Amino acid sequence: MASCSPLLILVLCTLTVAEAQLKVFNMRASKLDSGILGTPDAYVIAFCGSASLGETSVRHNNENPWWDEDFTHFKAQENDVMRLEVYDQDIGFDDLLGVCQRQIKLGTHKHECFLEEGGSFHYTYTLG
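Heads up: the sequence shown is residues -20 to -1, 1 to 108, going by mature numbering (1 follows the signal peptide of the UniProt record, and there is no 0).
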């Protein structure tokens, strides 16, 4: 039985949760609504688990914005929750247009989510 110990330790070590790189890219929105104030000045804030991944630039006066920025997180794990928040920048207080949230899986995935305040948000992510 003592000879099985090194093998058991090796098996247990391979079962630990591996960290992987998460990349979020190709972010765009369509038909955003900012209410009576005109066209939105939209931007996105990204999170993975408790980690903040950053914020995009603001796309002024555009109801169909496209962001060039990518978000990268090097300590992501499969089944972590990724959260993308879409905001309309205003003087004093920014309005939350909607949130896209999901558990991440290995591979490359394209998604669309419908925002609470109208419009939709499209993005692609890779975990690997």
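Think of the CB as a built atom: it goes at the ideal place given N, C-alpha and C, for glycine as much as any other residue. These numbers come from a predicted model, not from an experiment.
CB residue i to CB residue j, shorter than 7 Å?
| i | j | result |
| --- | --- | --- |
| Tyr23 | Tyr67 | yes |
| Gly108 | Leu86 | yes |
| Val4 | Phe51 | yes |
| Gly29 | Asp60 | yes |
Alpha carbon to alpha carbon, what distance is there between residue j and residue i?
| i | j | result |
| --- | --- | --- |
| Ile84 | Gly72 | 34 Å |
| His102 | Glu49 | 14 Å |
| Lys90 | Trp47 | 15 Å |
| Gly78 | Leu95 | 4 Å |
| Glu65 | Gln1 | 20 Å |
| His40 | Ser10 | 14 Å |
| Gly99 | Glu(-2) | 34 Å |
| Asp74 | Glu97 | 13 Å |
| Thr88 | Gln57 | 14 Å |
| residue 111 | Gln69 | A question about residue 111 goes unanswered here, because the residues of the chain that appear run from -20 up to 108. |
| Pro45 | Gly18 | 14 Å |
On the DSSP bridge list, what partners appear for residue i?
| i | result |
| --- | --- |
| residue 174 | Within the shown structure, residues of the chain are numbered from -20 to 108, placing residue 174 beyond reach of any answer. |
| Gly106 | One point to set straight first is that residue 106 is Thr, not Gly, in the sequence displayed. DSSP lists Lys3, Thr88 as partners of Thr106. |
| residue 165 | Residue 165 lies beyond the residue range present for the chain, which begins at -20 and ends at 108; the question has no answer from this structure. |
Figure out for me which residue from the options has the closest Cα to the Cα of residue i.
| i | options | result |
| --- | --- | --- |
| Cys93 | Cys80, Leu86, Gly87 | Cys80 |
| Val38 | His91, Ile25, Leu2 | Ile25 |
| Arg82 | Phe27, Thr36, Leu33 | Phe27 |
| Glu43 | Gly34, Asp13, Gln57, Met62 | Asp13 |
| Met62 | Gly18, Asn6, Ser32 | Ser32 |
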